[in-house]
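Each remark here refers to the structure printed beneath this line.
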Amino acid sequence: MSTILEIDTTSTVKIDQITEYIRANNDDIAKTLNSLVYRETESPEDKEEVRNYLISKSDLCKTIWGDGSDIYKRSWDAIKSIYRNEPSGEDQDLDRMCLETGACRGLRNRREYVMEAVKSILAERDYNAYILNIASGDGDDIMQLLKEIDSYQDISNIEITCLDFNEDAINDGRIKVNEYGLEKNINFVVGDAFRISSYIKQGKLKEPDINLAIGLLDYFDERGVQTLLKNINNAKNNTYLIAANIKPHDVGNHSLMGILGWSLFEREENEFNELIKVCGFEDEIYTEPENVFMIAKAKIVKQIKTS
Numbered sequence: 021m022s023t024i025l026e027i028d029t030t031s032t033v034k035i036d037q038i039t040e041y042i043r044a045n046n047d048d049i050a051k052t053l054n055s056l057v058y059r060e061t062e063s064p065e066d067k068e069e070v071r072n073y074l075i076s077k078s079d080l081c082k083t084i085w086g087d088g089s090d091i092y093k094r095s096w097d098a099i100k101s102i103y104r105n106e107p108s109g110e111d112q113d114l115d116r117m118c119l120e121t122g123a124c125r126g127l128r129n130r131r132e133y134v135m136e137a138v139k140s141i142l143a144e145r146d147y148n149a150y151i152l153n154i155a156s157g158d159g160d161d162i163m164q165l166l167k168e169i170d171s172y173q174d175i176s177n178i179e180i181t182c183l184d185f186n187e188d189a190i191n192d193g194r195i196k197v198n199e200y201g202l203e204k205n206i207n208f209v210v211g212d213a214f215r216i217s218s219y220i221k222q223g224k225l226k227e228p229d230i231n232l233a234i235g236l237l238d239y240f241d242e243r244g245v246q247t248l249l250k251n252i253n254n255a256k257n258n259t260y261l262i263a264a265n266i267k268p269h270d271v272g273n274h275s276l277m278g279i280l281g282w283s284l285f286e287r288e289e290n291e292f293n294e295l296i297k298v299c300g301f302e303d304e305i306y307t308e309p310e311n312v313f314m315i316a317k318a319k320i321v322k323q324i325k326t327s
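Just so it is clear: in the sequence shown, position 215 is 235 by my numbering, and no numbers are missing.
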């Protein structure tokens, strides 16, 4: 049975298993980690010591911190490692504990919920739809999904555009799509999510049937999210939005978010719901089993034109 690390920084939670485990390797690190988790110290030296230890033992932590590459690429690589959920590195037990935090399980649940939502909409539309994958990274998720659908359904009428501001991610996607054999279905655009409406008016993008905005809204405050969603709304009726947002920290399963160094805007379900509705969407909101992420499956009910 694998050890599962659950750290709740809002209450006193025993972490004897991980402390004992790390103590067997390095007593000083165990003491530092214990202090860090209980918030008895915010010493930068303590944090750096813990970080260096984890980098040396866990491939996930090494991906997050260790190679000095672009933070955007590191974040995407970390998410892919979390999705794969295959412990590796010098200390696979420690890597497994990192991969089994509530936050990591929540990320995997979020992915599953989103892909099921996409499949349900595609089935509803007889597999004839144009999907805009916003902040797509290299688009590997949507490629895997389309390949799965291709095993039981004709996908010739499914078209997908992966939009991302990061040129390296888009270039990686252009290579991968050929490896998947999906170049007839998926194209890639370097662009700004806040200019989607302009791109549609200019003919650079078509009006989507499905907008995917996963792992994006968490990075913006209320004003930013409203601007983004109203931009997405500026499209044809009967358009879907599938989006997600992290829930507030007090659920106690977000420890890896701190490790990742992601600064995210957490929202209560009613806040998330209101944000989506005020931007002209009617939504269904699901919370994945770890209670870390909410996923919205929303439909335009009121068009909001942007300037």
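The beta carbon of each residue, even a glycine, is placed where N, CA and C say it ideally should be.
Nothing here was measured: the structure is a model prediction, and the numbers come from that model.
What's the gap between the Cα of residue i and the Cα of residue j?
{"i": "Ile-296", "j": "Leu-284", "result": "18 Å"}
{"i": "Asn-2", "j": "Asn-290", "result": "Given that the chain is displayed from residue 21 to residue 327, the structure contains no residue 2 and the question cannot be resolved."}
{"i": "Ala-318", "j": "Leu-261", "result": "5 Å"}
{"i": "Glu-144", "j": "Val-210", "result": "30 Å"}
{"i": "Asp-270", "j": "Ile-234", "result": "With a pLDDT of 45 at Asp-270, under the threshold of 50, the predicted position of this residue should be treated as unreliable, and no value is reported."}
{"i": "Phe-214", "j": "Asn-251", "result": "7 Å"}
{"i": "Asp-241", "j": "Thr-259", "result": "24 Å"}
{"i": "Leu-80", "j": "Gln-112", "result": "10 Å"}
{"i": "Phe-301", "j": "Glu-288", "result": "18 Å"}
{"i": "Glu-308", "j": "Asn-265", "result": "11 Å"}
{"i": "Phe-208", "j": "Ile-195", "result": "11 Å"}
{"i": "Leu-142", "j": "Arg-71", "result": "43 Å"}
Comparing C-alpha positions only, which one of the options sits nearest to residue i?
{"i": "Ile-206", "options": "Gly-193, Arg-128, Glu-144", "result": "Gly-193"}
{"i": "Ala-98", "options": "Arg-128, Tyr-73, Thr-181, Asp-113", "result": "Arg-128"}
{"i": "Ser-95", "options": "Ala-155, Met-314, Asp-229", "result": "Ala-155"}
{"i": "Met-117", "options": "Ile-102, Leu-249, Asn-198", "result": "Ile-102"}
{"i": "Val-245", "options": "Pro-268, Val-298, Asn-153", "result": "Val-298"}
{"i": "Thr-181", "options": "Asn-153, Ile-169, Asp-174, Lys-167", "result": "Asn-153"}
{"i": "Ser-176", "options": "Lys-82, Gly-201, Lys-221, Leu-74", "result": "Gly-201"}
{"i": "Asn-186", "options": "Lys-82, Lys-93, Asn-72, Ser-76", "result": "Lys-93"}
{"i": "Leu-166", "options": "Val-138, Arg-125, Phe-313", "result": "Val-138"}
Mapping the DSSP letters down to three states, classify residue i as helix, strand or coil.
{"i": "Glu-304", "result": "strand"}
{"i": "Thr-121", "result": "coil"}
{"i": "Val-210", "result": "strand"}
{"i": "Asn-153", "result": "strand"}
{"i": "Ile-296", "result": "helix"}
{"i": "Ile-311", "result": "The residue you asked about is not Ile; residue 311 is Asn in the sequence shown. In the structure shown, Asn-311 sits in coil (DSSP, three-state: anything other than H, G, I, E or B)."}
{"i": "Leu-232", "result": "strand"}
{"i": "Lys-250", "result": "helix"}
{"i": "Asn-265", "result": "strand"}
{"i": "Tyr-260", "result": "strand"}
{"i": "Lys-77", "result": "helix"}
{"i": "Lys-221", "result": "helix"}
{"i": "Lys-322", "result": "coil"}
{"i": "Lys-139", "result": "helix"}
For residue i, count neighbouring C-beta atoms within 10 Å of its own C-beta (all shown protein chains included) and say buried if the count is 16 or more, exposed if not.
{"i": "Tyr-172", "result": "exposed"}
{"i": "Gly-159", "result": "buried"}
{"i": "Pro-228", "result": "buried"}
{"i": "Lys-267", "result": "buried"}
{"i": "Glu-310", "result": "buried"}
**Asked** Which residue spans inside the region 163-209 form an unbroken beta strand (DSSP E) run of at least 3?
**Response** 178-184
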